[in-house]
Amino acid sequence: MSVFWTFLARIRAIFLGSRLDRDLADELDSHLEMLIKDYQRAGMCLEDATRAARLRLGGIEQTKEEVRDERRVPWIANFFRDVHEALRKWRRQPAVAAVTVLTLAVGVGANIAMYDLVDALMFRPPDGVHAPERVVSVRNAVNYVRYLDIKDRAGTLDLAAYVRATLSLGIGTDAAPICAECVTSSYFSLLGTQPVIGRTFRLDENAERREPGVILSYALWQNQFGGDPRALGRPTTISGRQFSIIGVAPRGFRGLEPESVDTWILLPVAPEICSFTGRSLLGSGGTSAWLRTIGRLRDGVALPQAAAEIAALASPEAQFERALDHNPAPELEPIQESRRDSRAEGLALWLAGGALVVLIIACANVAGLSSIRAIDRRREVAVRLQLGASRARILAQHMAEHLMLSLFSGMAAVVVAGWIAMLLHTFFPYGGEVKLFDLRLFAIASCLALLSGVLSGMVPALQASRIDATALSRVVKAAHPRSGFRSVLLVLQVALALVLVIGAGLFVRSVQNTQSGLGYDLDRVIIAAVDLRKAGYRSEREMRSVVDLLADRVRRLPNIESVSLSSGSLLGTGGSVRVRSIQGIDGKPGEFRPVTAVSPEYFAALGTRIIRGRAFTNADNGTSERAMIVDDALARAMWPDEPAVGKCVFYYGAPTCTRIVGISESRRISANIPGFRGESFIPLAQAGEETVPQLILIRSRTAVSKALPGIAAVIRGALPNLPFVDIRPLEELADAQARSWRLGRTIFSLFGTVALLLASVGLYAVLAFSVRQRVPEIGVRIALGATPGDVLRLVFRHALILVAAGWFLGIGAALIASKYIEKLLFQVTPTDTRTFISSSAILLITGIAGCLIPAVRAARVDPVVALRHE
Amino acid sequence: MPSKTDVLQGTLDLMVLKTLEMLGEMHGYGIARRIEQVSQEVLQLNQGTLYPALVRLEQRRWIKSRWGLSETGRRARFYSLTQAGRKQIEAESENWRRTAAVMARFLEAQ
Chain U
343 MSVFWTFLAR IRAIFLGSRL DRDLADELDS HLEMLIKDYQ RAGMCLEDAT
393 RAARLRLGGI EQTKEEVRDE RRVPWIANFF RDVHEALRKW RRQPAVAAVT
443 VLTLAVGVGA NIAMYDLVDA LMFRPPDGVH APERVVSVRN AVNYVRYLDI
493 KDRAGTLDLA AYVRATLSLG IGTDAAPICA ECVTSSYFSL LGTQPVIGRT
543 FRLDENAERR EPGVILSYAL WQNQFGGDPR ALGRPTTISG RQFSIIGVAP
593 RGFRGLEPES VDTWILLPVA PEICSFTGRS LLGSGGTSAW LRTIGRLRDG
643 VALPQAAAEI AALASPEAQF ERALDHNPAP ELEPIQESRR DSRAEGLALW
693 LAGGALVVLI IACANVAGLS SIRAIDRRRE VAVRLQLGAS RARILAQHMA
743 EHLMLSLFSG MAAVVVAGWI AMLLHTFFPY GGEVKLFDLR LFAIASCLAL
793 LSGVLSGMVP ALQASRIDAT ALSRVVKAAH PRSGFRSVLL VLQVALALVL
843 VIGAGLFVRS VQNTQSGLGY DLDRVIIAAV DLRKAGYRSE REMRSVVDLL
893 ADRVRRLPNI ESVSLSSGSL LGTGGSVRVR SIQGIDGKPG EFRPVTAVSP
943 EYFAALGTRI IRGRAFTNAD NGTSERAMIV DDALARAMWP DEPAVGKCVF
993 YYGAPTCTRI VGISESRRIS ANIPGFRGES FIPLAQAGEE TVPQLILIRS
1043 RTAVSKALPG IAAVIRGALP NLPFVDIRPL EELADAQARS WRLGRTIFSL
1093 FGTVALLLAS VGLYAVLAFS VRQRVPEIGV RIALGATPGD VLRLVFRHAL
1143 ILVAAGWFLG IGAALIASKY IEKLLFQVTP TDTRTFISSS AILLITGIAG
1193 CLIPAVRAAR VDPVVALRHE
Chain H
7 MPSKTDVLQG TLDLMVLKTL EMLGEMHGYG IARRIEQVSQ EVLQLNQGTL
57 YPALVRLEQR RWIKSRWGLS ETGRRARFYS LTQAGRKQIE AESENWRRTA
107 AVMARFLEAQ
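Protein sequence lines, in the order shown, are assigned to chains U and H.
Heads up, my numbering is the position in the first sequence plus 342, with the first residue counted as 1.
Heads up, my numbering is the position in the second sequence plus 6, with the first residue counted as 1.
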């Protein structure tokens, strides 16, 4: 009960402050008077009595202070006072405060951005999906035939399917590529997605409507239609077909995959633009894999139960395939797991770790700076202590200052985080849009900033409060305080910075590697993917002659070195892959292998070398012996001990021998797929009627950017009905594959640079301070005959010891961590010597830069001034 | 476990309360003198420490104060016990006696 009254009284005291002070002053005055009177009565003179009375009463100011402490809620009042004090100090020395705030802001901001990335990649459920934990991906229903097969028979799941395709929106020269999902009518009801306006596909969405419906993504609706609700019902052209807009998906909704989607159309309505099986979704039977099937567990059904049912419903082919698989993956997989890209996740975690390292360095920097400032203020603190302040108050004061720093840096950190997130988005279109003003983000920013600020202020504050006031008078003459704390901090900073720089270096090498050693030239090659079915052609013969015509026209353009055709996809640009079975190799049974039909100039156009034998020529046509070229990896696999040239290969459906005429160098088709695939090629002329080349590969003599428009014009001119022509430099495609390494390179380089900067600032601070403390000593040395060179060497030696210690620590840490980072790199060993050496060199340069100014200042010390230095 | 300062404060608080019980109404100086007298000059208070204690006691409503005139004609504050204060004296005294008894038993134990 008394606690309650106390509290109330204290609140009251906040408001009545000054009046209570006056009252107390009066009270103490009268107390003093009475004391004096008593002493006088005891026989002292006024002067002596006064002195004695004052002694007896004790320090009046101190008493007032203590009473005030009792009165108020002391820590609130003190806190505000400390804050006010801190702000005043900063106004006098804005540079130091600014550096500190900025340092913390960078550290905290980087972490927030990385948290967002990790969250989006690993934890965040897909937007707009109701109860995503009940949604599973059905692994074996990989085409429409199988989907239909199980759809109506499954009792434990609702099913739907989708496939992504790059289509075009609009017509003619205004056509722009969009990413679309072709879905079954059950898709939206399975996901439980509610549209923003309009509606989603109904279960009985009629395929006979004059204009089938399309659903736009929120972003597309905003960008193309300005968010206008009257967009509903408007017609729009997608890949040459007319659709009418029936609804808009909720913000951030992009199906179940991380990359964003622009439109959704109904799969059965437009099979020829959605899948490459052509008009009929049932085409090519049940053997090709192009569709993704998902399911939602019905109420009360558990995953294993549904998985068992699906396994039982699988078609004979599926079951056969499954039996062949040594390590069969589960039939059903919750989508949270199946959509995870383990490489992206691994990278994200490492990036998050890198951000944490930057934060640690930043905190160390701030701690070091604080510690230095605390030493500068030693005298002030000593005076305060003697005036009666408690050590707790000194501590509280330091912490208040750091709290303010945390507040400001928290705000700045959000800005930094937003900037980094935008940078990330150019590499990874993850998680929809940049959510800069997320409440959760603010909360985390504040907590992190608070924590960092408090932690980094803790030790210096404790040090400051431990100052022995009486020893202070001697402290100036004492030897310079070699603070172990600051040195340790600096060594730590240097070590961590080195680790980050090494990481950056490894990723730089990875990116370099993805661009070389591919087995084909990246520059000067342009790929045009033309899917003539979308231009309205139907007969294969017609399509072949059109493509030949195109190739001819392009060949006639100036500065074109060679043009070749291919039936297969290269780096995922499109085109179907024919799968044939190699029946036997000298009697041994064979296996399914993808074969690409190419024109004779193919290898020359791409820059793929023929290691043995020869390339195709015009002589390899329908009448000559069937020829084939395999790549080095395949040749070694099939004939490990003998030369492959001249060997025979047999196909199903071609009874005569197909002779291997040449070996090409192994290519890395996709940087993402480790190892080589083992490719085989046959001449286009021998490929059979149904093979239509879908890629035109062009090698230009000049830079790609100059040649591209001419090529585009030729193709568009020849095919005006083609909704969209995909012409790209090969380099651009390779870049997309190398995305994750490029991301790692950029972010690690960013972190590494920041870390180095911070470390060098830290080094500068420590050295500058040390030099300042040793000015008298240096003065003495110079007076005794030391040259500037000697002084320089003195400072450098100090710096070198610190940097060397950091270097050892950093190398050790990098070696330990190397085992874990191996999976993320591309053809670089984690202990790559060149990287380590160049990183160390960078560190050395940074170290020298950091100690340059203090060293020069030390050398310029004027002994006369120094010896008088107080 | 109450800290050392708390115990010290508690002791002083009790002394002040008891003094007021004996004296009735008194100003700060008077209370200080009385405490010194009762302790037979063993306690030489830093008399200033009295004032935070008085504020504390007043906040808890165990004493109340009013302004009056001191012997010197100066404005001075006079303190007196409240009903709650009297109850507090009883409770605290009981605590002390119990503690002292237990300690005595320990000190005499063989």
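We put the beta carbon where it would ideally sit given N, CA and C, even for glycine.
Note that the structure is predicted; figures quoted are calculated from it, not measured.
Cross-strand partners of residue i (DSSP beta bridge)
{"i": "H/H33", "result": "H/F84"}
{"i": "U/S1006", "result": "U/I952 and U/D973"}
{"i": "H/W73", "result": "H/R83"}
{"i": "U/I677", "result": "Answer is none; U/I677 lacks a bridge partner."}
{"i": "U/R434", "result": "For U/R434, which the question treats as bridged, DSSP gives no partner whatsoever."}
Residues of its chain near residue i, where Cβ-Cβ distance is below 7 angstroms and the 5 sequence neighbours each way are ignored
{"i": "U/L834", "result": "A706"}
{"i": "U/D500", "result": "S528, L532, G637, R638 and R640"}
{"i": "U/V708", "result": "T442, T445, L446 and S798"}
Within-8 angstroms CB hit, residue i to chain H
{"i": "U/D368", "result": "yes"}
{"i": "U/V1207", "result": "no"}
{"i": "U/R352", "result": "yes"}
{"i": "U/E408", "result": "yes"}
Interface residues of chain H facing residue i [CB-CB closer than 7 angstroms]
{"i": "U/W347", "result": "Q65, R66 and R67"}
{"i": "U/R413", "result": "V61"}
Interface partners of residue i on chain U, CB under 7 angstroms
{"i": "H/G34", "result": "E369 and H373"}
Neighbour list for residue i in chain U, Cβ cutoff strictly below 8 angstroms
{"i": "H/T78", "result": "S372, E375, M376 and K379"}
CB contact below 8 angstroms: residue i versus chain U
{"i": "H/R83", "result": "yes"}
Close Cβ partners of residue i (< 6 angstroms) along its chain, the five nearest in sequence each way excluded
{"i": "U/L1134", "result": "A1197 and A1201"}
{"i": "U/R310", "result": "Absent from the structure is residue 310 of chain U, since the part of chain U shown begins at 343 and ends at 1212."}
{"i": "U/D1068", "result": "A871"}
{"i": "U/A612", "result": "R583"}
{"i": "U/A439", "result": "W432"}
Contacting residues, own chain, Cβ-Cβ under 8 angstroms from residue i (five flanking each side not counted)
{"i": "U/G569", "result": "W563"}
{"i": "U/L899", "result": "A1049, G1052, I1053 and V1056"}
{"i": "U/L655", "result": "D491, I492, R495 and A496"}
{"i": "U/L293", "result": "Only positions 343 to 1212 of chain U appear in this structure, which leaves residue 293 of chain U out of reach."}
{"i": "H/A59", "result": "Q15, L18, D19 and V22"}
{"i": "U/S794", "result": "L446, G449, V450, L701, A704, C705, V708, S748 and S751"}
Listed in chain order, which residues of the stretch 53-75 of chain H have Cβ atoms closer than 9 angstroms to some Cβ of chain U?
Q53, G54, T55, L56, Y57, P58, A59, L60, V61, R62, E64, Q65, R66, R67, W68 and W73
Which of the residues in the stretch 843-856 of chain U, read from start to end, lie with their CB under 8 angstroms from any CB of chain H?
none
Looking at chain H, which residues of the stretch 389-406 of chain U have a Cβ within less than 9 angstroms of any of its Cβ atoms?
R398, L399, G400, G401, I402, Q404, T405 and K406
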